[in-house]
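A.B. asks: Numbering (my numbering), first residue to last: 160 to 331.
After the structure tokens below, expect a handful of questions from me.
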Ligand code: NI
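Here it is in structure tokens:
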């Protein structure tokens, strides 16, 4: 298995909508396994293919973040078909948005439809953390980052901080 390189803000690839998966072959299974390995290595509770530079509507997630069991879920071509209730996702973060966490308004309950890793239809009724993860990862597939849900001021502060950090990396 390969640990994939995770793209970080402001990489323009993270901003494009990605395409549906249409072929469920061995190559796809390898991508899924590499993504899961990358997620546990990071470590994170979810990863969208676009974050690894892969143009596919594909996410892996494990709310338990259990590196021993590695009982992760896969959802392909996911779509949130209904959502209700409001909650604050406290200290939300993203592997593609380094060194930053913030509270984000999310739906508490969601119903998501998609396909499993072999192309069979799947419906996930989610609440709380799982619901947050699904909203966050599906946003990625549409070129949206969690900082897009914050106020323009907070977003600008992060952009400035990130710019400075990248500049320091260059000169270090
Ligand atoms: Ni993310």
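Virtual Cβ for every residue (Gly too), placed ideally from N, Cα, C.
Values in this document were obtained by computation on a predicted structure and should not be read as measured data.
When you compare the CB positions of residue 251 and residue 299, do they come within less than 8 Å of one another, or not?
C.D. replies: It is not a contact, given that the beta carbons lie outside the stated cut-off.
A.B. asks: Any idea if residue 221 is buried or exposed, counting beta-carbon neighbours within 10 angstroms, 16 or more meaning buried?
C.D. replies: Buried: at least 16 other Cβ atoms inside 10 Å.
A.B. asks: Just list the residues that DSSP pairs residue 146 with in beta bridges.
C.D. replies: Because the chain is modelled from 160 through 331, residue 146 falls outside the range shown and cannot be assessed.
A.B. asks: Look up residue 246 in the DSSP assignment and say whether it is helix, strand or coil.
C.D. replies: Three-state DSSP puts residue 246 in a strand.
A.B. asks: DSSP three-state label for residue 290, please.
C.D. replies: Residue state, collapsed to three classes: helix.
A.B. asks: Give the C-beta separation of residue 212 and residue 254 to the nearest angstrom, bearing in mind that I take them to be a contact with Cβ-Cβ under 8 Å.
C.D. replies: Actually they do not touch by this definition, with Cβ atoms about 13 Å apart.
A.B. asks: Are the stretch 219-233 and the stretch 257-270 touching by the rule of at least three beta carbon pairs closer than 8 Å?
C.D. replies: Result no; under three Cβ-Cβ pairs closer than 8 Å.
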